[in-house]
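Enquirer:
In the numbering used here, the protein residues as written are 6 to 294.
So this is what it looks like as structure tokens:
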């Protein structure tokens, strides 16, 4: 299992936000381990395949009205899944959505709730009709980048002083604190500090920032040749490279390598997947024996 402790902490924070009872995260992890032992014959043995684990928490009180539930049900669904990119990495095209909002300040955007996903289905269908795979959620009059569909967003710049900057929007209450997001940040920071250099990363100085980033900054960087890459991060895809963004009637083209990935996302992805599959020993990877 990959970072189950962080998943449980986020689930408890989400439960508190919607007045569901909290629970012992460590106890639930042990129960999930037992479930995996029982369902071990469903664990795929092919490269790139995995057993997807989805804990779910719902109120079950048999009553009408809006009030904190007196009864709730926590259950876990497991399902074998194939690789997100069975034919190799395929960069996605995004539609910069300015007419709809994923979240608002003071709302529930930072919580893992179904209410954050269902409203995005129609918006994604609209993006597909325009010829894009997914939508890029933009917020406010300055069109701040928030999330990529159901993933966290990352942008990589190469500044005029030669410094490579890896940027993701800050956790300002509208951004989901993704486990993959946190993992990518940690790996990138360890590389930038020299603690754990990543093989294949471009030469030179790196900085990693959680800061606001607007589409204007991205467009200007692309015009100057300083936009290195743009990608999303999430549980299913791990890293999803982006090669095109439709924004205000124009297409912004983003460079990708021959394999569909960028020079920063590629080594980060290799390290992260290596940890997830147990090929690279790391405390994030929890063994179920």
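Even for Gly, the Cβ is constructed at its ideal location relative to N, Cα and C. Small disclaimer: the values here were computed from a predicted structure and weren't measured.
1. Can you tell me whether residue 152 is buried or exposed, with buried defined as 16 or more other CB within 10 angstroms of its CB?
2. Given this structure, state the Cα-to-Cα distance separating residue 295 from residue 177, to the nearest angstrom.
3. Taking the CB atoms as reference points, tell me whether residue 173 and residue 157 lie closer together than 9 Å.
4. If you follow the alpha helix (DSSP H) that residue 191 is part of, which residue opens it and which one closes it?
5. Just how far apart, CA to CA, sit residue 207 and residue 196?
6. Distance check for residue 166 and residue 293, CA to CA, integer angstroms please.
7. If you run the structure through DSSP and keep just helix, strand and coil, what is residue 170?
8. How big is the Cα-Cα spacing for residue 203 and residue 242?
9. From residue 8 to residue 291, what distance separates their C-alpha atoms?
10. Are there three or more Cβ pairs, one per stretch, closer than 8 Å when the segment 118-125 is compared with the segment 72-92?
11. I want to know whether the segment 103-116 touches the segment 15-27 - three or more CB-CB distances under 8 Å.
12. Which residues mark the beginning and the end of the alpha helix (DSSP H) in which residue 30 is found?
13. Where do the N-terminal and C-terminal ends of the beta strand (DSSP E) with residue 249 fall, by residue?
14. Grouping DSSP H, G and I as helix and E and B as strand, with all else coil, what is residue 274?
15. For the candidate residues 10, 44, 47, whose alpha-carbon lies nearest to that of residue 29?
16. Does DSSP classify residue 293 as helix, strand or coil?
17. Can you give me the C-alpha to C-alpha distance between residue 250 and residue 146, rounded to a whole angstrom?
18. Could you confirm whether any beta carbon from chain C is found closer than 9 Å to the beta carbon of residue 238?
19. Per DSSP, which one or two residues make a beta bridge with residue 256?
20. For residue 216 and residue 224, what's the separation of their Cα atoms in angstroms?
21. Could you check whether residue 149 and residue 106 sit closer than 9 Å to each other, using their CB atoms as the reference points?
22. Measure the alpha-carbon distance for residue 72 versus residue 164 and round it to whole angstroms.
23. Could you check what DSSP says for residue 138 in three-state terms: helix, strand or coil?
24. Indicate whether residue 171 and residue 184 have their beta-carbon atoms separated by less than 9 Å.
Expert: Answer, in terms of the structure:
1. Per the 10 Å Cβ criterion, buried.
2. Because the chain here runs from 6 to 294, residue 295 falls outside it and cannot be looked at.
3. Cβ distance < 9 Å, so residue 173 and residue 157 count as in contact.
4. Its alpha helix (DSSP H) spans residues 184-198.
5. If you draw a straight line from the Cα of residue 207 to the Cα of residue 196, it comes to about 11 Å.
6. Taking the straight line joining both Cα atoms gives about 47 Å.
7. Of the three classes helix, strand and coil, the one that applies to residue 170 here is strand, per DSSP.
8. Here the alpha carbon of residue 203 sits roughly 20 Å from the alpha carbon of residue 242.
9. Their backbone Cα atoms lie some 7 Å apart in a straight line.
10. Verdict: no, contact absent.
11. Yes, the segment 103-116 touches the segment 15-27.
12. Residue 30 -> alpha helix (DSSP H) spans 30-43.
13. It spans 243-252 - the beta strand (DSSP E) in which residue 249 sits, taken as one unbroken run.
14. If DSSP states are grouped into helix, strand and coil, residue 274 belongs with the helices.
15. Taking only the C-alpha atoms, the option nearest residue 29 is 10.
16. The answer is coil: DSSP assigns residue 293 none of H, G, I, E or B.
17. Answer to the nearest angstrom: the Cα atoms are 18 Å apart.
18. No chain C appears in the structure shown, which is made up of a single protein chain.
19. Paired residues: 251.
20. Whole-angstrom Cα-Cα distance: 17 Å.
21. When the beta-carbon positions are compared, residue 106 and residue 149 stay at least 9 Å from each other.
22. Answer to the nearest angstrom: the Cα atoms are 52 Å apart.
23. Of the three classes helix, strand and coil, the one that applies to residue 138 here is coil, per DSSP.
24. The answer is no: Cβ separation not under 9 Å.
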